[in-house]
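J.: Here it is, the structure in full.
4 protein chains.
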Amino acid sequence: MDLAVAAAVRELLAEVGYGRVTVDAVAARAGVGKAAIYRRYATKQEMLFAAVVHDVPAAPLPDTGSLRGDLTALAHVVVGQLADPAGASVVLNLMAEASNNPALVERFTPAFIDSQRAVITMLVERAVDRGELAELPDLDLLHALLGGTALSWLHTLRLDPQDLPDKLARLACTALGHA
Amino acid sequence: MDLAVAAAVRELLAEVGYGRVTVDAVAARAGVGKAAIYRRYATKQEMLFAAVVHDVPAAPLPDTGSLRGDLTALAHVVVGQLADPAGASVVLNLMAEASNNPALVERFTPAFIDSQRAVITMLVERAVDRGELAELPDLDLLHALLGGTALSWLHTLRLDPQDLPDKLARLACTALGHA
Amino acid sequence: MDLAVAAAVRELLAEVGYGRVTVDAVAARAGVGKAAIYRRYATKQEMLFAAVVHDVPAAPLPDTGSLRGDLTALAHVVVGQLADPAGASVVLNLMAEASNNPALVERFTPAFIDSQRAVITMLVERAVDRGELAELPDLDLLHALLGGTALSWLHTLRLDPQDLPDKLARLACTALGHA
Amino acid sequence: MDLAVAAAVRELLAEVGYGRVTVDAVAARAGVGKAAIYRRYATKQEMLFAAVVHDVPAAPLPDTGSLRGDLTALAHVVVGQLADPAGASVVLNLMAEASNNPALVERFTPAFIDSQRAVITMLVERAVDRGELAELPDLDLLHALLGGTALSWLHTLRLDPQDLPDKLARLACTALGHA
DNA sequence: CATTAATCGAGACGGTACGTCTTGTCTTGCA
DNA sequence: TGCAAGACAAGACGTACCGTCTCGATTAATG
Numbered sequence: 056m057d058l059a060v061a062a063a064v065r066e067l068l069a070e071v072g073y074g075r076v077t078v079d080a081v082a083a084r085a086g087v088g089k090a091a092i093y094r095r096y097a098t099k100q101e102m103l104f105a106a107v108v109h110d111v112p113a114a115p116l117p118d119t120g121s122l123r124g125d126l127t128a129l130a131h132v133v134v135g136q137l138a139d140p141a142g143a144s145v146v147l148n149l150m151a152e153a154s155n156n157p158a159l160v161e162r163f164t165p166a167f168i169d170s171q172r173a174v175i176t177m178l179v180e181r182a183v184d185r186g187e188l189a190e191l192p193d194l195d196l197l198h199a200l201l202g203g204t205a206l207s208w209l210h211t212l213r214l215d216p217q218d219l220p221d222k223l224a225r226l227a228c229t230a231l232g233h234a
Numbered sequence: 056m057d058l059a060v061a062a063a064v065r066e067l068l069a070e071v072g073y074g075r076v077t078v079d080a081v082a083a084r085a086g087v088g089k090a091a092i093y094r095r096y097a098t099k100q101e102m103l104f105a106a107v108v109h110d111v112p113a114a115p116l117p118d119t120g121s122l123r124g125d126l127t128a129l130a131h132v133v134v135g136q137l138a139d140p141a142g143a144s145v146v147l148n149l150m151a152e153a154s155n156n157p158a159l160v161e162r163f164t165p166a167f168i169d170s171q172r173a174v175i176t177m178l179v180e181r182a183v184d185r186g187e188l189a190e191l192p193d194l195d196l197l198h199a200l201l202g203g204t205a206l207s208w209l210h211t212l213r214l215d216p217q218d219l220p221d222k223l224a225r226l227a228c229t230a231l232g233h234a
Numbered sequence: 056m057d058l059a060v061a062a063a064v065r066e067l068l069a070e071v072g073y074g075r076v077t078v079d080a081v082a083a084r085a086g087v088g089k090a091a092i093y094r095r096y097a098t099k100q101e102m103l104f105a106a107v108v109h110d111v112p113a114a115p116l117p118d119t120g121s122l123r124g125d126l127t128a129l130a131h132v133v134v135g136q137l138a139d140p141a142g143a144s145v146v147l148n149l150m151a152e153a154s155n156n157p158a159l160v161e162r163f164t165p166a167f168i169d170s171q172r173a174v175i176t177m178l179v180e181r182a183v184d185r186g187e188l189a190e191l192p193d194l195d196l197l198h199a200l201l202g203g204t205a206l207s208w209l210h211t212l213r214l215d216p217q218d219l220p221d222k223l224a225r226l227a228c229t230a231l232g233h234a
Numbered sequence: 056m057d058l059a060v061a062a063a064v065r066e067l068l069a070e071v072g073y074g075r076v077t078v079d080a081v082a083a084r085a086g087v088g089k090a091a092i093y094r095r096y097a098t099k100q101e102m103l104f105a106a107v108v109h110d111v112p113a114a115p116l117p118d119t120g121s122l123r124g125d126l127t128a129l130a131h132v133v134v135g136q137l138a139d140p141a142g143a144s145v146v147l148n149l150m151a152e153a154s155n156n157p158a159l160v161e162r163f164t165p166a167f168i169d170s171q172r173a174v175i176t177m178l179v180e181r182a183v184d185r186g187e188l189a190e191l192p193d194l195d196l197l198h199a200l201l202g203g204t205a206l207s208w209l210h211t212l213r214l215d216p217q218d219l220p221d222k223l224a225r226l227a228c229t230a231l232g233h234a
């Protein structure tokens, strides 16, 4: 049931975009009554969130052997996710709604933020082990730098995603004081 | 009358939050007919944008005498704007809506993005003139770095804005290859 | 507008029956928003009532020259209205709802009951003038007798309406003590 | 368990009125699963009908020794049943629903109509035996007259039930051509 | 100064989605 | 096995809001 709903949500997001997704349409597509949806999710937003967030733990990053390589790989993933219009739209809309609805944040954080942070932590710890970094840097700042800069580049400035991953990786390296 | 509308918008944003602002409520609060609003703004979003953005070009950045000082001053302004819940909410919601409605971008870019970019350009040009920078860096990346990292820090990670401006300025300096 | 709604209601009553009439369907059929309907009528029932009651003042009864003739004519009208399934359904449903919702009664009475009563009053007054009746009988009882007996015959006992008008007229005459 | 359901129905009818009675509420109140209710009654209406009608055959009419006396006694019973708001509401609502759903009629007729008719038949047969009536009158018309006139008096015209039984008995006597 | 034209506040309108509710069926888990 | 508890699909309800529109009344500009 939850699976049918989540699938319907993702299909509709891809087909019509965040603003046009309708609870009725989701219910119809999933072959489900609206009541069943509202029994699980208090609002449309929670439903969207749950459907989108459920399959985040996508690709574990490989160890490329260097900090620069790892950062480039990570940047590709981040940019890839945010450059996809549907995914980005959901992220942006949920951020926007979270800015008014603190309750959403509680659910956002563990599923989204923490898993991202774990990846970043692992990545810099590997660099420390390799001796590429003298000490652990400010992880929050690195986290914000990677995600925020990509977001802004793609969706505020609306620039070309083409060589953004490389720029981002170089930027992060420089910021970490790494040659 | 634009003033009454803008005032009403800002009051309502503060009172009920972005998602609860209604064109009817704005019209009633401003003592204005809805038609008058739609004569000026094509959509609710444009109205909100205009009302919130109208006084952005308020503070022209002073020349502090050093790149680091200028960046710190700029970071304080950026963080100040984004840390305000109402303003940030509007920015986030407009970004979200823009992600589904490219037409919105056309209207917002000149007023918002271009004026920000002008400030950044001026700032680095001063640094080049001073000899602090050897050449003009990637302005887009710097732009995305400053706005995006602040946005992400404050509204994705929801961390403390306290020493963010200093962190941001240091980050930008390092990224520019400046001591 | 009200006319379009009333027409749509009557069409749908005829097509699908009272229980299947939907506010959405009425709105769609009338080319009208649901809000417009709910601006006029607090509930679906009020809308149905208004649509059905609006054209009651149909046929003024002719003077046939005798009490018996007048009563027969009236009985034909009454039976004719109640034998029509759609009309009867509305009357029955509104009676049923009125039995739980006294507010409906307030609106029912003037439009429906009083106009019926006026006809009956006129009819017996003519009979008194003619000398067919010695004095004014109990009008309420005559009213209840004509409407109620027809209703019960047709919709409780579900008998043939064929010679009901004549039976009714004879019954009423006898009850009035008229040869 | 039928008793618990019937009791719950009657309580709820008294508390909230026909329109607000819910199968879920009945089940909960009766401490019974909904499935158990639908195993016995095909629809909510049948359940209501069964619960309300179950104790109708309560009072067998006594032989008062005269047609007029018998009719008065019967009229008291009829008026008593219809004057009770809850009972009347159910009768009216079931009539209304039956007018759209002929299938309901099949179920209700034997239990309701036929038992009433048996009483009336017995009553006039006694009158014939006594010599008060020369021949058997139109039983259907008498049936419709008694029930319908009472219904209309109480629930269409909404008049006082006070002396209705006497009026009804006198009316029926006159209609039967009995002094 | 008078007349026309534009603009205003007010608010009804068509449309659309929301979240709630109820019905009658189907499932689960306890006795 | 049989029942209570309650999840489920379907679909109507009444509400809220958007963006368009019609209305008089008031103002502005013009002849």
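Protein chains in written order, with the numbering used here: chain E, 56 to 234; chain V, 56 to 234; chain F, 56 to 234; chain A, 56 to 234. Think of the CB as a built atom: it goes at the ideal place given N, C-alpha and C, for glycine as much as any other residue.
1. Look at the alpha carbon of M102/F and the alpha carbon of I92/F, and state the distance between them as a whole number of angstroms.
2. With 8 Å as the threshold, decide whether the Cβ of M150/V is near any Cβ in chain E.
3. Along chain A, which residues have their Cβ under 7 Å away from the Cβ of R213/F?
4. Using beta carbons (cut-off 8 Å, strictly below), is A8/A in contact with chain F?
5. Would the region 141-154 of chain F count as touching the region 76-83 of chain A if we require 3 or more Cβ pairs under 8 Å?
6. Using a C-beta cutoff of 8 Å, does T176/E count as contacting chain V?
7. I'd like to know whether the C-beta atoms of A69/F and A85/F end up nearer to each other than 8 Å.
8. With 16 other CB atoms within 10 Å as the buried threshold, where does L191/E fall?
9. Excluding five sequence neighbours on each side, which residues of the same chain lie with their C-beta closer than 8 Å to the C-beta of R65/A?
10. Out of V71/A, A189/A, L201/A and R172/A, point me to the one whose CA is closest to H233/A's CA.
11. Quick one: is D169/V near chain E, going by C-beta distance under 8 Å?
12. The alpha helix (DSSP H) with F167/E in it runs from where to where?
13. So, do the region 117-128 of chain E and the region 170-189 of chain E have three or more beta carbon pairs nearer to each other than 8 Å?
14. Count the other CB atoms, across all protein chains shown, that sit within 10 Å of the CB of G88/A; report buried if there are 16 or more and exposed otherwise.
15. Return the chain-ordered list of same chain residues with a C-beta closer than 7 Å to the C-beta of H198/A, the five sequence neighbours on each side being excluded.
16. Pick helix, strand or coil for L223/F, following the three-state DSSP scheme.
17. Kindly indicate which three-state DSSP category S144/V falls into: helix, strand or coil?
18. What in chain A is Cβ-close to H131/F, meaning under 9 Å?
19. Which of helix, strand or coil does DSSP assign to P112/F?
20. If we cut at 8 Å on Cβ distances, does K89/A have a partner in chain F?
21. So the alpha helix (DSSP H) H198/V belongs to, where does it begin and stop?
22. Could you tell me the distance, in whole angstroms, from the CA atom of R225/V to the CA atom of K99/E?
23. With distances taken from CA atoms, which of V81/V, K222/V, L206/V and D184/V is nearest D193/E?
24. Identify whether V87/E lies in helix, strand or coil by the three-state DSSP scheme.
25. To the nearest angstrom, how far is the alpha carbon of L50/V from that of S121/E?
26. Chain E partners of H233/V, CB-CB under 8 Å?
27. According to DSSP, is V76/A helix, strand or coil?
28. List, in chain order, every chain V residue whose beta-carbon is nearer than 7 Å to that of K99/E.
29. Look at A227/A and L201/A and say whether their C-beta atoms are less than 8 Å apart.
30. Would you say D184/E faces chain V, with C-beta separation under 8 Å as the test?
31. Anything in chain E within Cβ reach of S154/V, meaning under 8 Å, just list it in chain order.
32. Check P216/F in the structure and name its three-state DSSP category.
33. In or out: P117/V buried (at least 16 other Cβ within 10 Å) or exposed?
34. In or out: P186/E buried (at least 16 other Cβ within 10 Å) or exposed?
35. What in chain E is Cβ-close to L103/V, meaning under 9 Å?
36. Measure the C-alpha to C-alpha separation of A130/F and S144/F and round it to an integer number of angstroms.
T.: In short:
1. 8 Å
2. At least one C-beta of chain E is nearer than 8 Å to the C-beta of M150/V.
3. What R213/F touches in chain A: V160.
4. Coverage of chain A is limited to positions 56 through 234, which leaves residue 8/A absent and any answer about it impossible.
5. Contact annotation: the region 141-154 of chain F does not touch the region 76-83 of chain A, with fewer than three C-beta pairs closer than 8 Å.
6. no
7. no
8. exposed
9. A106, V107 and A141
10. A189/A
11. no
12. Neither: F167/E is in no alpha helix (DSSP H) and is coded neither H nor E.
13. yes
14. Classification for G88/A: exposed.
15. Q171, R172 and I175
16. helix
17. Taken through DSSP and simplified to helix, strand or coil, S144/V comes out as helix.
18. The premise fails here: H131/F is roughly 17 Å from chain A at the closest Cβ pair, so nothing lies under 9 Å.
19. With a pLDDT of only 49 at P112/F, under 50, the local geometry of the prediction cannot be trusted, and the value read off the model is given with reservation. Three-state result, P112/F: coil.
20. no
21. L194 to L206
22. Rounded to the nearest angstrom, the two C-alpha atoms are 41 Å apart.
23. K222/V
24. coil
25. Beyond the ends of chain V as shown, which are 56 and 234, falls residue 50/V; an answer cannot be given.
26. Near H233/V there are no residues of chain E at all, since even the closest Cβ is about 11 Å away, more than 8 Å.
27. coil
28. Near K99/E there are no residues of chain V at all, since even the closest Cβ is about 12 Å away, more than 7 Å.
29. yes
30. no
31. Y73, P140, A143, S144, L147, N148 and H210
32. In the three-state scheme derived from DSSP, where H, G and I count as helix and E and B as strand, P216/F is classed as coil.
33. For P117/V, the number of other beta carbons within 10 angstroms of its own is below 16, and it is reported as exposed.
34. Rather than Pro, the amino acid found at residue 186/E in this sequence is Gly. Exposed, by the Cβ-count rule.
35. The premise fails here: L103/V is roughly 12 Å from chain E at the closest Cβ pair, so nothing lies under 9 Å.
36. Approximately 19 Å, taken between the alpha carbons.
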